[in-house]
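*Asks:* Dumping the structure here so I can ask a few things about it.
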Amino acid sequence: MPPTDTPAPHAPGPVPVPGTPATALGEPAIPVPATPVPSAPGAPAPGEPHPPVPRGPGPLSSGAAGTPVPGGPRTSGDGAAPEAAGTPGYGAVFRVREFRWVFTAHLLSLLGLMVSEIALTVLVYDLTGSPLLSSLTFAIGLAPYLVGGTLLAGLADRFPPRRVLVACDLVCAGAVALMVLPATPVAGLLALRCAVALVAPVFQGTRMATLADILGEGDLFVLGRSLLRIVSQTALLAGFGVGGVLLTVIPARGAIALTAGTFLLSALLLRLGTARRPARAAERREGLGATWSLLRDRRIRTLMLLFWVPPFFIVVPEALTAPYVDQLGVSRAALGLLMCAMPVGTIAGELLAGALLGPAARARLLVPLLLVSFPPFLLYALRPGPALAALALALAGAAGAYTLGLDARFVEAVPEERRGRAMTLMTAGMMTVQGLGMAGAGLVAEFAPVHLVVTGTGVVATAAVAVLVAVLLATERRDGADRHVTSR
């Protein structure tokens, strides 16, 4: 699956994605390590409210008594600087105290989302006996996701980020709590499912923008985003299984009640563990015009499409796994192997790229990894057995490590005052295109064999990505030339 922050219905999604100033695609700027700033006595403890963190020209570090010090990402609670010379690595990200709180809250929100989706599906089926209505509990979340990501994107910048994050978690907790009530009809359950989907892109976009405040806009941000994606992919491997086991122990309404607690606990962690920061654009009251202005920027638009187009195609083989296994006439055990292959490849690719490669190397690999993401699908032309098909999917997943280089360029390209809006829009788009990709794959497979559908997807996707890469290269060359002329 494509790397995202939270799983999409049936397949992973956002989606749930930015760093040093970029020059040309093959010539990344070299990040400057932050200067260590020791914590002083009197700094707020983890359970105490934080003082406001004013904005400056760059990322902020906590100084004495919580006083913001410009020049680098926030230090850890014990005073250790998270970033040293060279490649910081994942360990440096976890040394940032605020990130640890955000990471734990992410785990809880993800757990609540997945278990609530499974339990709600079972509950609707128990109440109606209708497979159609049961499946709608997954699919119905796609439209609100798109609406929330476009119409509500401005909330991510208009209000203080901590307030937005806590409010979204509380909305989810309230909606899930109402699902537990026996008096709630099936239509009400579906409407509450829509409410959760409506605020999800705002929550994810705000969290991504806040990561840049916490970790800075350099390599720590890229690695922090990578960790959240890895958790989401890991949840795909274990989360649905855990939810299924849970439903054998307690009824569906009981499982839903537990997820309300996870959302509440996530809200509490975000309230106590993250600093109070001002809104990025509190004085602005921008509507959809601000969203279109982002998309009018050629570089931002191209980067956004590179976040959207690969996920649209990458879900095709997963969406068609069940009919492909049936087409092969092999054991249903192959279904689990093929469903796990791409998430395993994605996790391995991200871990290797994040742990072994520096920012410059990941930037240089952005284009090659994008271009090799879909050629593994061509192996389906041979109508491969489960082992070879799983290898193809794992290779495609591993190439998803391109997102680390893409993240760096995206956060650098987007103006800070619209960062929350841009990331909310990007997240909503990723979720939406995955749903469209799955639906489109099913439609085409009605008229063609599955292995040919996947093969054709590999050809079309490779061509589409190549065009976008060419546009990005040309745009960055043009922008570099413009900056050179302006500086003369």
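Numbered by the UniProt record's numbering, the letters in the sequence shown go through residues 1 to 488 in order.
We put the CB at the ideal spot given by N, CA and C, even for glycine.
Computed from a predicted structure; not experimentally measured.
(1) Does aspartate 407 pass the burial test, meaning 16 or more other C-beta atoms within 10 Å, or should it be called exposed?
(2) Please state whether DSSP places serine 39 in a helix, a strand or coil.
(3) Return the chain-ordered list of same chain residues with a C-beta closer than 6 Å to the C-beta of alanine 267, the five sequence neighbours on each side being excluded.
(4) If we ignore side chains and look at the alpha-carbon of each, how far apart do valine 459 and proline 131 end up?
(5) Drop a sphere of 10 angstroms on the beta-carbon of glycine 385, count the other beta-carbons inside from all chains shown, and report buried for 16 or more, exposed for fewer.
(6) In whole angstroms, what is the alpha-carbon distance linking alanine 381 and valine 124?
(7) Out of Pro251, Thr432, Pro160 and Val315, which one is the CA nearest neighbour of alanine 341?
(8) Glycine 224 and arginine 421 - do their beta-carbons sit closer together than 8 Å?
(9) Classify residue 563 as buried or exposed, calling it buried when 16 or more other Cβ atoms lie within 10 Å of its own Cβ.
(10) What are the start and end residues of each continuous alpha helix (DSSP H) run of 4 or more residues lying completely inside the stretch 410-485, in chain order?
(11) Among the candidates Arg162, Thr137, Ala445 and Arg296, whose CA atom is the shortest distance from the CA of leucine 113?
(12) Is it buried or exposed for proline 73, if we count other Cβ within 10 angstroms and need 16 for buried?
(13) Taking 6 Å as the limit between beta carbons, can you name the residues of its chain near alanine 392, skipping five residues before and five after?
(14) Is there contact between the stretch 449-456 and the stretch 288-304, where contact requires at least three CB pairs shorter than 8 Å?
(15) Roughly how many angstroms lie between the CA atoms of leucine 443 and glutamine 204, to the nearest whole one?
(16) Roughly how many whole angstroms lie between the Cα atoms of alanine 147 and alanine 197?
(17) When burial is assigned at 16 or more other CB atoms within 10 Å of the CB, is glycine 400 buried or exposed?
(18) Taking only three categories from DSSP, how would you classify alanine 22?
(19) So, for arginine 362: in the same chain, excluding its five sequence neighbours on each side, which residues have a beta-carbon less than 7 Å away from its beta-carbon?
(20) Under the three-state reduction of DSSP, which class applies to threonine 403: helix, strand or coil?
(21) Apply the 10 Å Cβ neighbour rule to alanine 474 and answer buried if 16 or more other Cβ atoms are within range, or exposed otherwise.
(22) Suppose only complete runs of 4+ residues qualify. What are the alpha helix (DSSP H) ranges in the stretch 152-188, listed by chain order?
(23) Where do the N-terminal and C-terminal ends of the alpha helix (DSSP H) with glutamate 117 fall, by residue?
(24) What's the gap between the Cα of leucine 357 and the Cα of alanine 105?
(25) Could you have a look at residue 534 and say whether DSSP puts it in helix, strand or coil?
(26) Whole angstroms is fine: what's the gap from alanine 187's alpha carbon to valine 471's?
(27) Please name the residue, chosen from Met179, Val115 and Ala396, that lies closest to valine 344 on a Cα-to-Cα basis.
(28) Exposed or buried, which one is proline 201 when buried takes at least 16 other CB atoms within 10 Å?
(29) Compare the C-alpha of residue 489 against each of Gln233, Ala92, Leu306 and Val231 and name the closest.
(30) Could you tell me whether the stretch 410-420 touches the stretch 155-163, using the rule of 3 or more Cβ pairs below 8 Å?
(31) Near tyrosine 402, which residues of its chain fall below 6 Å by C-beta distance, leaving aside the five closest residues on each side in sequence?
(32) By the three-class DSSP mapping on this structure, what secondary structure does phenylalanine 313 have?
(33) What's the C-alpha gap between leucine 107 and glutamate 117?
(34) Name the two residues that bound the continuous alpha helix (DSSP H) containing leucine 369.
*Replies:* Quick answer:
(1) buried
(2) In this prediction, serine 39 scores a pLDDT of 42, lower than 50, which makes its location untrustworthy; the coordinate-derived value is nonetheless stated afterwards. Looking at serine 39 - three-state DSSP - the assignment turns out to be coil, as it is neither helix nor strand.
(3) Val166, Asp169 and Leu170
(4) 35 Å
(5) It is exposed - the Cβ of glycine 385 has fewer than 16 other Cβ atoms within 10 Å.
(6) 40 Å
(7) Val315
(8) Not in contact: arginine 421 and glycine 224 (Cβ atoms no closer than 8 Å).
(9) Nothing can be reported for residue 563: it is not among the residues displayed for the chain, which extend from 1 to 488.
(10) 419-445
(11) Thr137
(12) Confidence in proline 73 is poor, its pLDDT being 43 and thus under 50, which makes the residue's placement unreliable; the coordinate value appears in the next sentence. Per the 10 Å Cβ criterion, buried.
(13) Pro376 and Leu379
(14) no
(15) 30 Å
(16) Here the sequence assigns valine to residue 147, which means alanine is not the residue at that position. Each residue's alpha carbon lies about 9 Å from the other.
(17) buried
(18) Confidence at alanine 22 is low in this model, with a pLDDT of 37, below 50, so its placement is unreliable and no value can be given for it.
(19) Ala353, Leu404 and Gly405
(20) helix
(21) exposed
(22) 155-158 and 161-180
(23) 97-128
(24) Leucine 357 and alanine 105: Cα-Cα distance of roughly 28 Å.
(25) Here the chain comprises residues numbered 1 to 488, so residue 534 is not present and cannot be evaluated.
(26) Looking at the backbone, the Cα of alanine 187 and that of valine 471 are separated by about 46 Å.
(27) Ala396
(28) buried
(29) The requested residue 489 does not occur in the structure, where the chain is confined to residues 1 to 488.
(30) yes
(31) Same-chain partners within the cutoff: Leu366, Leu369 and Leu370.
(32) helix
(33) 16 Å
(34) Looking at the DSSP string, the run of the alpha helix (DSSP H) that includes leucine 369 is 366-371.
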